[in-house]
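Order-wise, the sequence lines are chains A and B.
Position 229 of the first sequence, counting from 1, maps to 518 under this note's numbering, and the rest follow consecutively.
Position 40 of the second sequence, counting from 1, maps to 329 under this note's numbering, and the rest follow consecutively.
From the three backbone atoms N, C-alpha and C, an ideal C-beta is built for every residue, glycine too.
Quick notes on the structure that follows.
2 protein chains.
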Amino acid sequence: MSQKKIPTYENLGVSSQKEDVHSALKNIDKGLFPGAFCKVIEDIALDKNYCSILHADGAGTKSTLAYMMYRETNDVSYFKGIVQDSVIMNLDDIMCVGKPTAILLSNTIGRNKKIISGEIIAKIIQSYEKYIEELRERGIPIYTGGGETADVGDLVRTLIVDSTLITRMKREDVINPQTIREGDVIVGLSSFGKAKYENAEYNSGIGSNGLTLARHGLLKHKYYDKYPECFAPEIDKELVFFGKYDLNDKVPNTPLSVGEAILSPTRTYAPILMEIFKDDYSEIHAIFHNTGGGQTKCSKFGHKIHYIKDNLFTVPTIFSMIQESSQIPWEEMYRVFNMGNLLEIVCSEEYAKNKIIPIASKFSVDARIIGYCKSNLQNENQLTITSPQGKFKY
Amino acid sequence: MSQKKIPTYENLGVSSQKEDVHSALKNIDKGLFPGAFCKVIEDIALDKNYCSILHADGAGTKSTLAYMMYRETNDVSYFKGIVQDSVIMNLDDIMCVGKPTAILLSNTIGRNKKIISGEIIAKIIQSYEKYIEELRERGIPIYTGGGETADVGDLVRTLIVDSTLITRMKREDVINPQTIREGDVIVGLSSFGKAKYENAEYNSGIGSNGLTLARHGLLKHKYYDKYPECFAPEIDKELVFFGKYDLNDKVPNTPLSVGEAILSPTRTYAPILMEIFKDDYSEIHAIFHNTGGGQTKCSKFGHKIHYIKDNLFTVPTIFSMIQESSQIPWEEMYRVFNMGNLLEIVCSEEYAKNKIIPIASKFSVDARIIGYCKSNLQNENQLTITSPQGKFKY
Numbered sequence: 290m291s292q293k294k295i296p297t298y299e300n301l302g303v304s305s306q307k308e309d310v311h312s313a314l315k316n317i318d319k320g321l322f323p324g325a326f327c328k329v330i331e332d333i334a335l336d337k338n339y340c341s342i343l344h345a346d347g348a349g350t351k352s353t354l355a356y357m358m359y360r361e362t363n364d365v366s367y368f369k370g371i372v373q374d375s376v377i378m379n380l381d382d383i384m385c386v387g388k389p390t391a392i393l394l395s396n397t398i399g400r401n402k403k404i405i406s407g408e409i410i411a412k413i414i415q416s417y418e419k420y421i422e423e424l425r426e427r428g429i430p431i432y433t434g435g436g437e438t439a440d441v442g443d444l445v446r447t448l449i450v451d452s453t454l455i456t457r458m459k460r461e462d463v464i465n466p467q468t469i470r471e472g473d474v475i476v477g478l479s480s481f482g483k484a485k486y487e488n489a490e491y492n493s494g495i496g497s498n499g500l501t502l503a504r505h506g507l508l509k510h511k512y513y514d515k516y517p518e519c520f521a522p523e524i525d526k527e528l529v530f531f532g533k534y535d536l537n538d539k540v541p542n543t544p545l546s547v548g549e550a551i552l553s554p555t556r557t558y559a560p561i562l563m564e565i566f567k568d569d570y571s572e573i574h575a576i577f578h579n580t581g582g583g584q585t586k587c588s589k590f591g592h593k594i595h596y597i598k599d600n601l602f603t604v605p606t607i608f609s610m611i612q613e614s615s616q617i618p619w620e621e622m623y624r625v626f627n628m629g630n631l632l633e634i635v636c637s638e639e640y641a642k643n644k645i646i647p648i649a650s651k652f653s654v655d656a657r658i659i660g661y662c663k664s665n666l667q668n669e670n671q672l673t674i675t676s677p678q679g680k681f682k683y
Numbered sequence: 290m291s292q293k294k295i296p297t298y299e300n301l302g303v304s305s306q307k308e309d310v311h312s313a314l315k316n317i318d319k320g321l322f323p324g325a326f327c328k329v330i331e332d333i334a335l336d337k338n339y340c341s342i343l344h345a346d347g348a349g350t351k352s353t354l355a356y357m358m359y360r361e362t363n364d365v366s367y368f369k370g371i372v373q374d375s376v377i378m379n380l381d382d383i384m385c386v387g388k389p390t391a392i393l394l395s396n397t398i399g400r401n402k403k404i405i406s407g408e409i410i411a412k413i414i415q416s417y418e419k420y421i422e423e424l425r426e427r428g429i430p431i432y433t434g435g436g437e438t439a440d441v442g443d444l445v446r447t448l449i450v451d452s453t454l455i456t457r458m459k460r461e462d463v464i465n466p467q468t469i470r471e472g473d474v475i476v477g478l479s480s481f482g483k484a485k486y487e488n489a490e491y492n493s494g495i496g497s498n499g500l501t502l503a504r505h506g507l508l509k510h511k512y513y514d515k516y517p518e519c520f521a522p523e524i525d526k527e528l529v530f531f532g533k534y535d536l537n538d539k540v541p542n543t544p545l546s547v548g549e550a551i552l553s554p555t556r557t558y559a560p561i562l563m564e565i566f567k568d569d570y571s572e573i574h575a576i577f578h579n580t581g582g583g584q585t586k587c588s589k590f591g592h593k594i595h596y597i598k599d600n601l602f603t604v605p606t607i608f609s610m611i612q613e614s615s616q617i618p619w620e621e622m623y624r625v626f627n628m629g630n631l632l633e634i635v636c637s638e639e640y641a642k643n644k645i646i647p648i649a650s651k652f653s654v655d656a657r658i659i660g661y662c663k664s665n666l667q668n669e670n671q672l673t674i675t676s677p678q679g680k681f682k683y
């Protein structure tokens, strides 16, 4: 009898830590502020008091799920959220570095024209314009600069939606995680529920990370035959859609179906951060957007810091469902997903209590001190997560 | 007996004119200079004398051919040219608008990790750094600002390599094709041979457009079974690799194999344009980069102009081979490919003869007057191509 394949992220063709990519990047120039959350480069306008940040990312494999929901319902509006994902994966990364001046955005859409119609492309392009306008109305100085839609069916099974953002920032406004020190607390901002600025009734908290694992780990194998265009044929067949759920099954304690829950558009924290950035924010030592690497993201930043997280949010239902359906070890769950807080702010306890938590609360986003930082003399960085599911060291 | 499928670009899942995309874009803001070659927007540094251009595009399906050549030879260096394609599809578009100040670049690489190794990603990332440095040494003020590599095997069959560029430009330096007038000539700059600034021995002239048609129309059906990861399964089987050639077959009168010829990296004209832009260039009324739409690109620009091209370069061998192997009508060939001149400059005959042609010649790039412009009172724009293969009206 053949051994059962272990459903790790690696076996699904995704590396949560991207070791080989980081190794390819190790000799590349680190920019003006090595150790900042994004690469910071010389100002495009050549002003020595300013710097620029150029950032590219996208909705990842979430678009293939939007496609499945569209096929199930014939409703193109499922592609709207993908646009938000593609924008926020960039915007919130940039804002981890500090207060942006004007932000420009462009997008690249690659489609298999035999599958993705002009109607879908129109929906996506219109959603970009609409969402950017919405962000602007909420005080984010963001503008669109065009984009490119390419018919590349020989490359793309369904649809890929990427965005690139650029902003300028005052150099003195850059947040440098190298300033994290013993005694700093970690404030977590929740990724689930309903923020004041969110249109949808409820956000599952899923974000845009770990979607390959979420899809295959949650959904039933019946989708293997139904949507052969929605997975890499190189994955072991038994790891393709190996979960327990139908797209229409309900997620307990939420108004969402399983399909809707994993399509919940990534929450942005930009309105909250813009409010915080209105005053001097030099007491903030770091902001982390917990995308690739999930709850372990922080450990790539700072200098000889031991991050201790012992007061995380109760894990939102969607993540418990993924774990239970896929039997992925909890240690790996924390490495792949945001697990309930997609943004972390590192600062003094006082600043957390007097400034960050009250401002987040104004926007109906739960925020709490989820942990703290200690000096770590022996290793470069370390992370210990203490959770109801166990104690994990990274 | 079933009717033989006609091998049009449309049947291969690519629209050379992108009608549905243009229709989706028709209500989108056209920017500061409607009718310019790229969308021009408010300056990111908010200076009213300047404007910004943000531009996204990529190597398209050319990357799947680099993958095939790599698989045939185990040589990762085939991915180098893809980087040049991905950069030049943006850089030369931007330079059609005028003289750039600093240019920043970022990239998005989407890969199927089960197929595309870390070694390939490293090659691509290093090639970006190297090529940008090379451009800088040739006087192009371009800098890298980072990028993103995503493991998205459920979306991408092999590899997609896109780039985004941003630049600032003086508003008074913007070239506006609305200024094209009767009597202007069209100077064509050749896309084949060996420019002084090119490393490869010989450039086939293929560029980065029409690659889906080039691959399927040239290559033998034996690759259908060998590389199922290199085409959309939704294409009619008989249109997949329906040509006459092996990747190793030689292209007559060149040092290139068929595989190498369709992988020839897109020629850039940036060094030539930077030289032209050193002096006042207000006599240039338009510059066209003949990518999507091939030789018909010009007809989307200008106001009531009849473009007459009656002195084009002899069609480079690679295009004749594609036509002969695929039996695509010549009219469609001109609509898909650059057919020998990838860049066109519209100006007075005198300026063409005294300035553009001599400067191009200094860089060993053939340039000649390939046609002229007439006022066209009846229709918006019109294009007539008179060639040894026939007279075509668009």
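Selection from the options that minimises the alpha carbon distance to residue i
{"i": "residue 675 of chain B", "options": "B/655, B/584, B/606 and B/589", "result": "B/584"}
{"i": "residue 571 of chain A", "options": "A/545, A/422, A/303 and A/641", "result": "A/641"}
{"i": "residue 375 of chain B", "options": "B/356, B/359 and B/413", "result": "B/413"}
{"i": "residue 330 of chain B", "options": "A/298, A/433, A/649 and A/603", "result": "A/433"}
{"i": "residue 384 of chain B", "options": "B/633, B/654, B/655 and B/614", "result": "B/633"}
{"i": "residue 569 of chain B", "options": "B/531, B/387 and B/666", "result": "B/387"}
{"i": "residue 422 of chain A", "options": "A/392, A/310 and A/407", "result": "A/392"}
{"i": "residue 342 of chain A", "options": "A/579, A/596, A/394 and A/450", "result": "A/394"}
{"i": "residue 301 of chain B", "options": "B/546, B/590, B/490 and B/529", "result": "B/529"}
{"i": "residue 567 of chain A", "options": "A/448, A/592, A/679 and A/644", "result": "A/644"}
{"i": "residue 611 of chain B", "options": "B/507, B/340, B/471 and B/326", "result": "B/507"}
{"i": "residue 465 of chain B", "options": "B/629, B/603, B/493 and B/326", "result": "B/326"}
{"i": "residue 436 of chain A", "options": "B/537, B/401, B/370 and B/452", "result": "B/452"}
Any chain A beta carbon closer than 7 Å to residue i
{"i": "residue 503 of chain B", "result": "no"}
{"i": "residue 652 of chain B", "result": "no"}
{"i": "residue 350 of chain B", "result": "yes"}
{"i": "residue 669 of chain B", "result": "no"}
{"i": "residue 330 of chain B", "result": "yes"}
{"i": "residue 325 of chain B", "result": "no"}
{"i": "residue 343 of chain B", "result": "yes"}
{"i": "residue 422 of chain B", "result": "no"}
{"i": "residue 414 of chain B", "result": "yes"}
Amino acids of chain B, ordered along the chain, whose beta-carbon sits closer than 7 Å to that of residue i
{"i": "residue 580 of chain A", "result": "Within chain B, no residue comes near residue 580 of chain A; the closest Cβ sits about 10 Å away, beyond 7 Å."}
{"i": "residue 333 of chain A", "result": "333, 391, 393, 455 and 457"}
Chain-ordered neighbours of residue i on chain B, where CB pairs are closer than 8 Å
{"i": "residue 304 of chain A", "result": "402 and 440"}
{"i": "residue 337 of chain A", "result": "In chain order: nothing, as chain B lies at least about 13 Å away."}
{"i": "residue 307 of chain A", "result": "438 and 440"}
{"i": "residue 346 of chain A", "result": "397, 437 and 439"}
{"i": "residue 353 of chain A", "result": "443 and 444"}
Chain B contact for residue i (CB, 7 Å cutoff)
{"i": "residue 566 of chain A", "result": "no"}
{"i": "residue 576 of chain A", "result": "no"}
Cα-Cα separation between residue i and residue j, rounded to whole angstroms
{"i": "residue 522 of chain A", "j": "residue 517 of chain B", "result": "10 Å"}
{"i": "residue 356 of chain B", "j": "residue 368 of chain B", "result": "7 Å"}
{"i": "residue 562 of chain A", "j": "residue 621 of chain A", "result": "29 Å"}
{"i": "residue 546 of chain B", "j": "residue 652 of chain B", "result": "25 Å"}
{"i": "residue 581 of chain B", "j": "residue 539 of chain A", "result": "45 Å"}
{"i": "residue 603 of chain B", "j": "residue 630 of chain B", "result": "10 Å"}
{"i": "residue 638 of chain B", "j": "residue 678 of chain B", "result": "26 Å"}
{"i": "residue 490 of chain A", "j": "residue 548 of chain A", "result": "15 Å"}
{"i": "residue 595 of chain A", "j": "residue 337 of chain A", "result": "34 Å"}
{"i": "residue 469 of chain A", "j": "residue 324 of chain A", "result": "11 Å"}
Contact set between residue i and chain A, taken where Cβ atoms lie within less than 7 Å
{"i": "residue 445 of chain B", "result": "444, 445 and 449"}
{"i": "residue 519 of chain B", "result": "443"}
Partner residues on chain A for residue i, Cβ-Cβ distance less than 9 Å
{"i": "residue 313 of chain B", "result": "407, 408, 410, 411, 412, 413, 414, 415 and 438"}
Could you tell me whether the region 483-503 of chain B touches the region 625-634 of chain B, where touching means 3 or more Cβ pairs closer than 8 Å? Using a Cβ-Cβ distance cut-off of 8 Å, the region 483-503 of chain B and the region 625-634 of chain B are in contact, since at least three pairs of beta carbons, one from each stretch, lie closer than that value.
Per the contact definition of three or more C-beta pairs closer than 8 Å, is the region 648-665 of chain A in contact with the region 476-492 of chain A? The region 476-492 of chain A, when compared against the region 648-665 of chain A, does touch it at the 8 Å Cβ threshold.
So does the region 550-564 of chain B actually touch the region 441-455 of chain B, counting three or more Cβ pairs closer than 8 Å? No, the region 550-564 of chain B does not touch the region 441-455 of chain B.
Report yes or no: do the region 479-495 of chain B and the region 586-601 of chain B share at least 3 C-beta pairs separated by less than 8 Å? Touching, no, given that fewer than three Cβ pairs across the two stretches are closer than 8 Å.
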